[in-house]
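Offset between the sequence shown (1-based) and this note's numbering: plus 14. Note that the Cβ used here is the ideal one computed from N, Cα and C, for glycine as well.
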Amino acid sequence: MARILDGVAIATAIKQEVAREVQALAAQGVRPGLAAVLVGSVAASEIYVRSKVQTCTELGIYSDLITPPASVTTEEMLDLVARLNARDEIDGILIQLPLPPQVDTKALLDAVSPAKDVDGFHPVNAGRLQAGRPALAPCTPAGVIEILKRSDIPIAGQHAVIVGRSDIVGKPAAMLLLHQNATVTICHSKTRDLGAITRQADILVAAIGRPGFITPEMVKPGATLIDVGINRLTTREEFDRFFAGDAKREAAFAKRGSTIVGDIHPKAFEVAGAYTPVPGGVGPLTIAMLMANTVRAAKMRRGI
Ligand code: GUN
Numbered sequence: 015m016a017r018i019l020d021g022v023a024i025a026t027a028i029k030q031e032v033a034r035e036v037q038a039l040a041a042q043g044v045r046p047g048l049a050a051v052l053v054g055s056v057a058a059s060e061i062y063v064r065s066k067v068q069t070c071t072e073l074g075i076y077s078d079l080i081t082p083p084a085s086v087t088t089e090e091m092l093d094l095v096a097r098l099n100a101r102d103e104i105d106g107i108l109i110q111l112p113l114p115p116q117v118d119t120k121a122l123l124d125a126v127s128p129a130k131d132v133d134g135f136h137p138v139n140a141g142r143l144q145a146g147r148p149a150l151a152p153c154t155p156a157g158v159i160e161i162l163k164r165s166d167i168p169i170a171g172q173h174a175v176i177v178g179r180s181d182i183v184g185k186p187a188a189m190l191l192l193h194q195n196a197t198v199t200i201c202h203s204k205t206r207d208l209g210a211i212t213r214q215a216d217i218l219v220a221a222i223g224r225p226g227f228i229t230p231e232m233v234k235p236g237a238t239l240i241d242v243g244i245n246r247l248t249t250r251e252e253f254d255r256f257f258a259g260d261a262k263r264e265a266a267f268a269k270r271g272s273t274i275v276g277d278i279h280p281k282a283f284e285v286a287g288a289y290t291p292v293p294g295g296v297g298p299l300t301i302a303m304l305m306a307n308t309v310r311a312a313k314m315r316r317g318i
């Protein structure tokens, strides 16, 4: 039986550590602060941002939720970011993506002060990460490393194969794994004979955004599978493709009318040595690492 890597438990441990750091900073008169910017009313974004703000409150981090309308312009957003860059009680600026089409996302991410870039999306932080300098790293890939380390899964010398080359997950995950001395291969939609490469993986990271894309025959028996995907299934046909015969999922699907599946087919987990479930794997780490980055930014900005 494959070992389940419990993201909820690991995230809880990290949040407890962050809360202790926040208390220690309070003794020095410092309170880390996060500004969360939520544009318009995208349902998924609202859920994520609410959860981020609530976690700040739980850990003693100051938070400010800013909710511009969906009609906001790039200029108005740049003006907002400039004001957040200048506010001393704000250590981290999070602009929830995606933004409406009229907003120039790149221009906006470039405008965030690298010192307050707790998402690690600014090119300066991407460059620092690549150069092996201290940097605020993107939360989801940083969470992947925490899961592996805290589960005592060896990284050095292992072949880590990443499927997906996004700036938010795939590329930074490759850099972080490389810094831990993994041998790293990045695959993507144009990769030829993908299965031949994924079958070499000791650690397989799936971040493609396609439901159940990694199938059992693409996995080396005993490998560690890290599933970054979050795909919502709403039709019976989709549900049956992944979860036919799974009574627990069936009950949840009947109740909610949907369920989520990662980028790894559930049958592939049976081949693995260890894996992150969806939900309850990588997902909870993203918020925990955002909190850790906010405290780190607060300390770095004050030279602590
Ligand atoms: N949208 C989906 N994931 C993320 C994330 O990690 N950060 C931000 N800012 N937006 C997102």
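Does the segment 279-289 come within contact of the segment 15-24, defined as at least 3 CB pairs closer than 8 Å? Short answer: they touch.
Taking only three categories from DSSP, how would you classify N139? For the purposes of this step, residue 139 is taken as the residue at position 125 of the sequence shown. DSSP places N139 within a helical segment (H, G or I) once states are collapsed to three.
With DSSP run on the structure shown, which of helix, strand or coil describes R310? Here residue 310 refers to the residue found at position 296 of the sequence shown. Residue state for R310 is assigned as helix, using DSSP reduced to three classes.
Excluding sequence positions up to five away, which residues of its chain have a Cβ less than 8 Å from the Cβ of R224? The residue labelled residue 224 in the question sits at position 210 within the sequence shown. Residues of the same chain with a CB within less than 8 Å of the CB of R224, apart from the 5 flanking positions on each side, are G243, N245, D277 in chain order.
Inter-residue Cα distance where the pair is P114 and G54: The count along the sequence shown starts at 1 and reaches residue 114 at position 100. The count along the sequence shown starts at 1 and reaches residue 54 at position 40. So the alpha carbons of these two residues sit roughly 8 Å apart.
Just list the beta strand (DSSP E) runs in the segment 26-94, keeping only unbroken ones of 3 residues or longer that don't cross its boundaries, in chain order. Taking only runs of at least 3 residues, the beta strand (DSSP E) segments lying wholly in the segment 26-94 are 47-51, 76-80.
Buried or exposed for N195, please, with buried defined as at least 16 other CB atoms from any protein chain shown within 10 angstroms of its CB. What you label residue 195 is simply residue 181 of the sequence shown in a count that begins at 1. By the neighbour-count definition (other C-beta atoms within 10 Å, threshold 16), N195 is an exposed residue.
Any beta-carbon of chain B closer than 8 Å to the one on R246? Of the protein chains in the structure, only one exists, and it is not chain B.
For the candidate residues T248, L39, I169, R255, whose alpha-carbon lies nearest to that of L218? Reading the sequence shown from its first residue, position 204 is the one you call residue 218. Among T248, L39, I169, R255, the Cα nearest to that of L218 is on I169.
Is it the case that the Cβ atoms of L299 and A25 are separated by a distance below 8 Å? The sequence position of residue 299 within the sequence shown is 285, counting from 1. The sequence position of residue 25 within the sequence shown is 11, counting from 1. Yes, these two residues count as a Cβ contact at 8 Å.
Is T300 near the ligand GUN - that is, is its Cβ less than 7 Å away from at least one heavy atom of it? For the purposes of this step, residue 300 is identified with residue 286 of the sequence shown, where counting begins at 1. Yes, the beta carbon of T300 sits closer than 7 Å to at least one heavy atom of the ligand GUN.
Just to confirm my understanding: we take G21, look at its own chain, exclude 5 residues before and 5 after, and list those with CB closer than 7 Å. What are they? By 1-based counting over the sequence shown, the position of residue 21 is 7. The beta carbon of G21 sits closer than 7 Å to the beta carbons of I161, T290, G294, G295, V296, G297, P298, L299 from its chain, once the five residues preceding and following it are set aside; these are given in chain order.
Do H279 and F257 count as a contact pair if the criterion is CB distance below 8 Å? Position 243 of the sequence shown, counted from the start, is the residue given in the question as residue 257. Position 265 of the sequence shown, counted from the start, is the residue given in the question as residue 279. Against a cut-off of 8 Å, the Cβ pair of H279 and F257 comes out as no contact.
For the beta strand (DSSP E) that D241 lies in, which residues bound it at each end? The residue given as residue 241 occupies position 227 in the sequence shown. Note, D241: beta strand (DSSP E), 238-241.
Which runs of the alpha helix (DSSP H) at least 4 residues long sit entirely within the segment 170-208? Give them in chain order. Restricted to the segment 170-208, the alpha helix (DSSP H) segments that are unbroken, complete and at least 4 residues in length are 184-193, listed in chain order.
With C-beta atoms as the reference, is K130 less than 8 Å away from A311? Locating residue 130 in the sequence shown gives position 116, where the first residue counts as 1. Locating residue 311 in the sequence shown gives position 297, where the first residue counts as 1. The answer is yes: Cβ separation under 8 Å.
The beta strand (DSSP E) with R246 in it runs from where to where? As a position in the sequence shown, residue 246 is number 232, starting the count at 1. Following the DSSP letters along the chain, one finds R246 inside the beta strand (DSSP E) bounded by residues 245-247.
Below 6 Å CB to CB, which residues in the same chain sit around G236 once its five sequence neighbours on both sides are set aside? Here residue 236 is taken as the residue at index 222 of the sequence shown, counted from 1. Cβ-Cβ distances below 6 Å link G236 to G287 in the same chain, with the five nearest sequence neighbours on each side left out; the list follows chain order.
Does the distance from the CB of P46 to the CB of I75 come in under 8 Å? Counted from its first residue, the sequence shown places residue 46 at position 32. Counted from its first residue, the sequence shown places residue 75 at position 61. Yes; because the gap between Cβ atoms is below 8 Å, this pair is in contact.
Counting by C-beta, which residues lie closer than 5 Å to a heavy atom of the ligand GUN, in chain order? In chain order, the hits are Q110, L111, D133.
Burial state of Q172 (16 or more Cβ within 10 Å): As a position in the sequence shown, residue 172 is number 158, starting the count at 1. Counting of Cβ neighbours within 10 angstroms places Q172 among the buried residues, the total reaching 16 or more.
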